[in-house]
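This report refers to the structure that appears directly beneath it.
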Amino acid sequence: MSRAATGGAAPQGWAPEPTDTRPRAREERPTAEPWPRGISRRATMRISDVLAALQIEFPAVTTSKLRFWEEQGLVTPLRTPAGYRQYSPADVERLRYVLRCQRDRYLPLKVIGEQLAALDAGEEDEQPRARLATTDGVPATGTRRWTTQALAEEAGVPVDLVADLVANGVLHSNGRGAFDLYARDVVRAAARLAEHGLDARHLRAFRSAADRQIDLVEQVVAPVRGQRSPSARARATTLAAELGELCTQMHTALVRAAIADLEG
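If you use our numbering, the sequence shown corresponds to residues 246 to 509, in order.
This is the structure:
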């Protein structure tokens, strides 16, 4: 029985066990996943792969810039045992964010670094979005439209070429017969191919291949876009741009490999 229960006095020299009043270590909180969240962090891309992905929108980006931004702590690629850098899709999106801030808002790297740190800490007030660009690096905002005549003049080609591309389903206009910014690149490429005897009929295969690739992208993006989240639309836009670039890389690699076989 305890002393309290028996009412007996404590023996001489007895003292209660001291209470540990030392401050307890604060439980470690799990470190928040760095921004961007929800994008793969599997590092499988070499620096050349990153350049290929970024130069679609930012032709002026170079290896030295990527290394400098790493030194500034803006991105931290994985290092292999041999010392080679390997990047993840999330790393590439951080680099896109840096490039967009420089191009669109003229922000210094210090400010960009502070904004990335805030995003890493969980501040999601700003939802950076992927921005597609035409081949000359001009951002495609989707607001500019051309008529058939204006598109032909802008691309420096005959109106008949634009009409043939439309008739063969290579080029699409909206319901009012207007064309977006990407149409200019399609027309210019078609004009160069026509110089080698490939007319609009031959280019149907390109449209069919592009449509099949977009179907694949849509299968992946649709569930993200359908999520009930304020950031779902932005994440879907970013994901679609990323997948589009990967499809472009895949197509380019396959064509180059086939050309190499022809030469071999």
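Ideal placement from N, C-alpha and C gives every residue a C-beta, glycine not left out.
- The C-beta of methionine 290 has 16 or more other C-beta atoms within 10 Å across all chains shown, which makes the residue buried.
- Annotation for alanine 412: Ala445 place their beta carbon closer than 8 Å to its own, counting only its chain and skipping 5 residues before and after.
- Residue nearest to valine 343 within the set Phe313, Tyr329 and Ala439 is Phe313 (criterion: CA-CA distance).
- According to the DSSP assignment, proline 334 belongs to the alpha helix (DSSP H) that extends over 334-350.
- Under DSSP, arginine 429 takes part in no beta bridge, so it has no partner.
- Inter-residue distance for leucine 410 and glycine 471 is about 34 Å (C-alpha atoms, whole angstroms).
- Where phenylalanine 451 is concerned, the enclosing alpha helix (DSSP H) starts and stops at 449-470.
- Linking glycine 283 to isoleucine 459 through their CA atoms gives a straight-line distance of about 21 Å.
- Scanning Thr483, Ala505 and Leu461 for the CA closest to the CA of alanine 335 turns up Thr483.
- Shortest Cα-Cα distance from leucine 426 to any of Ala400, His441, Leu488 and Leu448 involves Ala400.
- Note: arginine 330 is bridge-paired with Arg324 in the DSSP secondary-structure output.
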